[in-house]
Structure formats: structure tokens, C-alpha cells
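Everything on this sheet refers to the single structure shown next.
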Amino acid sequence: MRIAFDPYMYRHLSLPDMVHKVAELGYEHIELSPREDFLPFYKYPRVDKERIREFKQALRDTGVKLSSLLPLYHWAGPDDAHREAAVRNWKRAIEIAVEMECDLFNTEFSGHADKALVCEQQFMRSMEELLPIFERENIKLDIQAHPYDFCERNNESVDIIRGLDKPWLNYLYAAPHTYFYDDGKGDIASMLKYAGSKLTHVIIADTYNHRASSNLRYIVNPPGVTATVHQHLDIGQGEINWEVFFSTLREIKFDGIATVSVFAWEERADESSKFMLERVKKELC
């Protein structure tokens with residue numbers, strides 16, 4: 003099993019400085035989430051060969067490894083122009099992964115929950131174009147359901163991935179999305195076990211069950227706005243049942259990637275990141 007770190011809280015650092023910071027924090031693997039100078043959110047990649055060389059040199063200098071790249075594109079968007087742009091972005095991102103010698107992406111279903119069927123159809127159109135390229139380049143893909151994606155549910159997400167029936171295409175369970183995965187019940191053990199052999203990746207951060215009291219725990223203005231409220235907190239600062247989460251991973255002999263992904267505390271990023279690493283090591287190593 004690999005413990006990876008999502009360095010989003012250090013996105014203000016240059017790529018080489020970010021890598022050195024990750025090494026300083028004690029992590030051995032980076033899961034690179036979107037940042038403006040590499041794979042920005044929803045836009046065409048912003049990286050050239052020089053920037054790739056600098057990034058790879060920093061990885062060599064520190065001994066830190068790139069476990070995965072995390073791009074986010076509108077590949078399931080209901081708008082055809084956005085979907086086509088997303089496929090174009092993905093094709094360039096795959097080229098970059100090959101240059102970075104990184105054999106794994108993780109991403110989200112994307113799309114809109116209020117247009118679920120249309121977005122699922124768009125997603126399948128994108129997969130028809132992209133699956134052969136992933137296969138040709140020997141790159142694996144882990145997909146998570148994110149709040150407000152066209153699919154937010156754990157079991158349905160696993161079934162969609164199983165339906166595509168590729169051994170290198172698997173499921174990512176994000177702990178901070180737990181309460182969206184089964185409509186607020188938070189039955190972690192059954193969801194992890196349902197994923198079974200398709201579970202190759204987990205994201206670790208705490209959160210609150212904002213669905214617990216009829217979606218009224220937050221006051222959202224204007225009234226009726228569509229909002230999927232959640233946050234990525236340190237373990238112990240939310241309501242996730244971590245005893246069940248970790249014991250279930252041990253029970254099913256999870257051997258994939260566990261990514262620390264806390265975003266809430268940029269003013270204490272070092273303290274948070276070190277605490278999370280020690281806790282995950284204690285539970286899973």
C-alpha cells in the first residue's frame with residue numbers, strides 16, 4: 003500500500019519547491035491535483051517539456067515519487083462543446099503522464115446531478131474515445147463520485163465502473179464524500195465491501211454529515227440554491243467513523259493508494275499534513 007499526499011494547500015509554491023516541501027513533511031508519494039501551472043481545473047494543460055524536466059528533477063533530487071495525476075475536465079458535461087474540449091484536454095494530459103512516467107490517473111465522474119441521464123450518456127461517449135488511448139499507453143484510471151456529479155452514490159458508481167469492464171479502470175472511495183454516497187447513512191463498511199476488488203484508491207479526510215438534518219445544517223443564500231456542502235478536515239474534526247473505515251480496509255486487505263487530502267486549514271498546513279501522515283501510518287502500515 004502507498005500513502006500519497008495531495009499538495010493542494012501548497013499550490014502557491016513552484017513545482018520543485020512543492021516537491022521539496024512534500025519530502026520535508028515525510029511523504030514518499032505525491033498525488034498531483036489541479037494547479038494553474040500544470041493541469042488546471044477544466045482547462046487545457048499548462049505545461050511544456052521544460053516544466054516537466056524541472057518537476058522530474060525535483061522528484062529525483064528528493065526521492066519522492068509521483069503516484070498519480072488528478073485532472074478534472076467536463077467529460078460528462080451536457081454541453082457537447084465542453085465535452086469535446088474535455089476529451090481534447092484528456093488526450094494532452096495522457097501525453098504528459100507518459101512524459102512524467104506516471105501510469106495512473108484519478109478523477110471524478112463530473113457532469114450534473116440534475117441532468118444525470120444525459121451526463122451519463124456524455125460520459126460514455128467520452129469513454130468510447132479515451133479508453134483505447136489509456137489502454138494503448140498502459141495508463142490506469144481510478145474514478146470517484148463527487149458531490150453533484152451525475153452519479154453521487156457509491157454502489158451505482160461501482161456498477162458503472164464494472165460495466166466498462168476494464169481491469170485497469172477502478173473505483174476511488176473518498177471518505178469526505180461518505181454521506182453523499184448513501185444519502186446520509188454513512189454505512190462505510192458495506193460501501194467499501196461492495197466495491198470489493200474494484201477498490202484501488204481511497205482519499206482520507208474528515209467531514210460532517212451535512213445531510214443529517216434535512217439539509218438544513220447550513221444557511222445557504224439564496225434559498226433553494228443547489229449546494230453540495232462538504233469539507234476536507236483532519237481526522238477527528240468531523241463525523242466519519244474512522245474505526246470502521248480503517249478496520250474495514252484492513253479486513254478487506256486493501257493494498258492500493260491512500261491519499262491524504264485535507265484542504266481546510268491552509269494556515270496550519272504543515273501541522274495538519276504531518277498529523278495525517280502519522281495517523282494513516284498507524285492505522286494501515
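Its first residue numbered 3, the sequence shown is counted upward by one per residue in the working numbering.
We treat Cβ as the ideally placed atom computed from N, Cα and C, and that holds for glycine.
In this text, all values refer to a predicted model and were calculated from it rather than measured experimentally.
- DSSP places residue 4 in the strand class (E or B) of the three-state scheme.
- In the structure shown, residue 208 falls within a strand segment according to DSSP collapsed to helix, strand and coil.
- Distance between residue 75 and residue 65, taken at the CA atoms: about 30 Å.
- Residue 37 sits buried, since 16 or more C-beta atoms from the chains shown fall within 10 Å of its C-beta.
- Runs of beta strand (DSSP E) with 3 or more residues, each lying fully within the segment 50-114, are found at 67-71 and 106-110, listed in chain order.
- If you ignore the 5 residues before and after residue 4, its C-beta comes within less than 6 Å of the C-beta of 31, 69 and 259, all in its own chain and listed in chain order.
- Between residue 111 and residue 49, the alpha-carbon positions lie close to 24 Å from each other.
- For residue 285, the enclosing alpha helix (DSSP H) begins and ends at 271-286.
- In the three-state reduction of the DSSP assignment, residue 19 falls in the helix class, which pools H, G and I.
- In the structure shown, residue 146 adopts extended strand secondary structure according to DSSP, grouped into three states.
- For residue 28, the CB contacts under 8 Å within the same chain, skipping 5 residues up- and downstream, are 276 and 279 in chain order.
- Contact between residue 141 and residue 205 does not hold, since the beta-carbon distance rounds to 20 Å and is not under 8 Å.
- In terms of Cβ geometry, residue 152 and residue 117 form a close pair [threshold 9 Å].
- Per DSSP, residue 29 lies in no alpha helix (DSSP H) and is assigned neither H nor E.
- With 16 or more other Cβ atoms inside 10 Å of its own Cβ, residue 85 counts as buried.
- Shown here, residue 157 sits in a helix according to DSSP, grouped into three states.
- Burial of residue 181 is indicated by the presence of at least 16 other C-beta atoms within 10 angstroms of its C-beta.
- For residue 262, the pairing in a beta bridge is given by DSSP as 7 and 206.
- Collapsing the DSSP output to three states places residue 174 in a strand.
- Residue 197 holds the alpha-carbon nearest to the alpha-carbon of residue 156 among 197, 130, 56 and 137.
- Inter-segment contact for the segment 167-176 and the segment 238-246 is absent: fewer than three beta-carbon pairs are separated by less than 8 Å.
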